[in-house]
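Below is one structure, written out as structure tokens, with a few remarks after it.
Number of protein chains: 2
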Amino acid sequence: MTEKKYRDDDAVLKLENQLCFAVYACSREIIKRYRPHLDALGITYTQYITMMVLWEETTISAKVLGERLLLDSGTLTPLLKKLEKQGYITRQRSDEDERLLMITLTDAGQALKTSAAEIPYKIACDVGLELTEGIALREKLKQLTKDIREGNCEYSK
Amino acid sequence: MTEKKYRDDDAVLKLENQLCFAVYACSREIIKRYRPHLDALGITYTQYITMMVLWEETTISAKVLGERLLLDSGTLTPLLKKLEKQGYITRQRSDEDERLLMITLTDAGQALKTSAAEIPYKIACDVGLELTEGIALREKLKQLTKDIREGNCEYSK
DNA sequence: TTGAATTTAATTGCATACAACCAAATTAGC
DNA sequence: GCTAATTTGGTTGTATGCAATTAAATTCAA
Numbered sequence: 001m002t003e004k005k006y007r008d009d010d011a012v013l014k015l016e017n018q019l020c021f022a023v024y025a026c027s028r029e030i031i032k033r034y035r036p037h038l039d040a041l042g043i044t045y046t047q048y049i050t051m052m053v054l055w056e057e058t059t060i061s062a063k064v065l066g067e068r069l070l071l072d073s074g075t076l077t078p079l080l081k082k083l084e085k086q087g088y089i090t091r092q093r094s095d096e097d098e099r100l101l102m103i104t105l106t107d108a109g110q111a112l113k114t115s116a117a118e119i120p121y122k123i124a125c126d127v128g129l130e131l132t133e134g135i136a137l138r139e140k141l142k143q144l145t146k147d148i149r150e151g152n153c154e155y156s157k
Numbered sequence: 001m002t003e004k005k006y007r008d009d010d011a012v013l014k015l016e017n018q019l020c021f022a023v024y025a026c027s028r029e030i031i032k033r034y035r036p037h038l039d040a041l042g043i044t045y046t047q048y049i050t051m052m053v054l055w056e057e058t059t060i061s062a063k064v065l066g067e068r069l070l071l072d073s074g075t076l077t078p079l080l081k082k083l084e085k086q087g088y089i090t091r092q093r094s095d096e097d098e099r100l101l102m103i104t105l106t107d108a109g110q111a112l113k114t115s116a117a118e119i120p121y122k123i124a125c126d127v128g129l130e131l132t133e134g135i136a137l138r139e140k141l142k143q144l145t146k147d148i149r150e151g152n153c154e155y156s157k
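Here the protein sequences line up with chains A and B, keeping their order.
Residue numbers for the first sequence follow full-length UniProt numbering, so the first one is 1 and each next one is one higher.
Residue numbers for the second sequence follow full-length UniProt numbering, so the first one is 1 and each next one is one higher.
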């Protein structure tokens, strides 16, 4: 039983036992699957989820966009400039508050939605999860993300 | 019902409905939680999971290491050079096959494991999942990663 | 009302990720 | 044995991610 205890202590630092690595690896593999479909549209994965927010909102401040995507300005600023250069969005300061950078979907950006519409179906096929199972997994991950962000554990600062 | 159909079509491109974004966002938030603990050790998250494999194997080829971590040489090569510079590993060509770069844990690398041993417990506290629930989520993600990599769907190339 | 605190983007620096390409070593066929 | 194909790392270029800092605009407070 001493030996068993030894193995258990070691187990917490084994890669295969890490939830973090399971999430991290899965994320990268999923995004890799999107690439060929997104290459056809000329956008990256991060640009794709950014456009997704714009297809819902049409106009949104960079700050709120960052909150939705959980990305900060260091990531968003260059990404939004690229989307502007590609003609999918416009970037202009708010009249009421010059600090706010308002992002607006262009007609070309709206048109891109039509091209993107088939992607989720193609990916769903890859994933091979039942719809209800996929939804359950997604909601579990959302809850986990929320818990981690709120961090109600005093142990870790 | 026409209106309902319209809403359903739109739903597939909504950010909140994407499993990919749930995984992607969760991954980044988890890694963000690791940062303060890993900063104390002077390593990054990717270096941490790399060391995790070395703590199990002691010696491993760069190729097999990449297969374990699902990372390619473009990511691993500079990362391993940094770990070598920090004294945690050695990099040397195999005698039998000069193409193979053998990575070996040093004493300092082994010692680092002791410092890292508490991290999983601290993170587990943040995550706030029941053990069995965390295991279930982890295994679900592993299966999903496997399915995506194998990609038994002819629809997406 | 005016100087301090706050908010919001942008910038900088560092560390991934990964596709595409390249070079060296090895193996396979003939 | 010798050449072609394969294997394995390394390099390059592009695009994130994110902490830390800066700068401009706005709000708050005495």
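Heads up, the beta-carbon is just placed ideally off N, CA and C, and yes, glycines get one too.
The beta carbon of Ile-30 of chain A falls within 8 Å of a beta carbon belonging to chain B, placing the residue at that interface. The region 84 to 91 of chain B and the region 12 to 23 of chain B do not touch, with fewer than 3 CB-CB distances between them shorter than 8 Å. Its Cα nearest to that of Leu-19 of chain A, the residue B:Gly-128 stands out among B:Gly-128, B:Glu-150 and B:Ile-148.
The UniProt domain "HTH marR-type" (16 to 150) of chain B contains, as complete alpha helix (DSSP H) runs of 4+ residues, the segments 19 to 41, 45 to 57, 62 to 69, 73 to 85, 107 to 116, 119 to 127 and 131 to 150 (chain order). Taking C-beta atoms as the reference points, Gly-151 of chain B and Asp-126 of chain A count as a pair closer than 8 Å. Between the alpha carbons of Thr-114 of chain B and Ala-108 of chain B lies a gap of roughly 10 Å. One thing to note: Leu-105 of chain B has its Cβ no nearer than 8 Å to the Cβ of Thr-46 of chain B.
The CB of Thr-77 of chain A never comes closer than 8 Å to any CB in chain B; the least such distance is about 17 Å. Tyr-88 of chain A has a beta carbon lying at 8 Å or more from every beta carbon in chain B.
Under a criterion of Cβ atoms nearer than 9 Å, the residues of chain B adjacent to Met-52 of chain A are, in order, Leu-13, Lys-14, Leu-15, Gln-18 and Phe-21. Nearest to Glu-96 of chain B by alpha-carbon distance, out of B:Leu-112, B:Lys-82 and B:Ser-61, is B:Ser-61. The distance from the Cβ of Leu-137 of chain A to that of Lys-142 of chain B is about 12 Å, inconsistent with a contact at the 8 Å cut-off. Taking the CA atoms as reference points, Glu-118 of chain B sits about 48 Å from Ser-94 of chain A.
Against chain B, the beta carbon of Gly-134 of chain A has neighbours under 7 Å at Leu-19, listed in chain order. Interface criterion met: the Cβ of Ile-148 of chain B is under 8 Å from a Cβ in chain A.
Within chain B, the residues Val-23, Tyr-24 and Ser-27 have their CB atoms less than 7 Å from the CB of Ser-27 of chain A, given in chain order. One alpha carbon belongs to Glu-130 of chain A, the other to Thr-145 of chain A, and they sit about 22 Å apart. With respect to chain B, the C-beta atom of Asp-95 of chain A has no partner C-beta closer than 8 Å. A Cβ-Cβ contact shorter than 8 Å links Gln-92 of chain A with Met-102 of chain A.
With respect to chain B, the C-beta atom of Thr-145 of chain A has a partner C-beta closer than 8 Å. Excluding five sequence positions before and after Ala-124 of chain A, none of the CB atoms of its chain fall closer than 6 Å to its own CB. Interface residue (Cβ-Cβ distance to chain A less than 8 Å): Asp-39 of chain B is not classified as such. Within chain A, the residues placing a beta-carbon under 7 Å from that of Ile-49 of chain B are Leu-15 and Phe-21, ordered along the chain. Taking all protein chains shown into account, Glu-29 of chain B has 16 or more neighbouring C-beta atoms within 10 Å of its C-beta and is therefore buried. For the region 114 to 130 of chain A, the beta-carbon criterion of a distance under 9 Å to any beta-carbon of chain B is satisfied by Ala-116, Ala-117, Ile-119, Pro-120, Tyr-121, Lys-122, Ile-123, Ala-124, Cys-125, Asp-126, Val-127, Gly-128 and Leu-129. Scanning A:Ile-148, A:Ile-31 and A:Glu-16 for the CA closest to the CA of Pro-120 of chain A turns up A:Ile-31. For Leu-41 of chain B, the closest of B:Leu-71, B:Leu-65, B:Gly-74 and B:Leu-112 by C-alpha to C-alpha distance is B:Leu-112. Taking every protein chain shown into account, the CB of Gly-74 of chain A has fewer than 16 other CB atoms within 10 angstroms, so this residue is exposed.
Contact annotation for Arg-68 of chain A against chain B: Leu-15 [CB-CB distance below 8 Å, chain order]. Excluding five sequence positions before and after Gly-66 of chain B, the CB atoms of its chain that fall closer than 7 Å to its own CB belong to Asp-72, Ser-73 and Leu-76, given in chain order. Closer than 8 Å to the CB of Glu-84 of chain A there is not a single CB belonging to chain B. With a threshold of 8 Å between beta carbons, Lys-142 of chain B makes contact with chain A.
Taking C-alpha positions only, Lys-82 of chain A is separated from Met-52 of chain A by approximately 16 Å.
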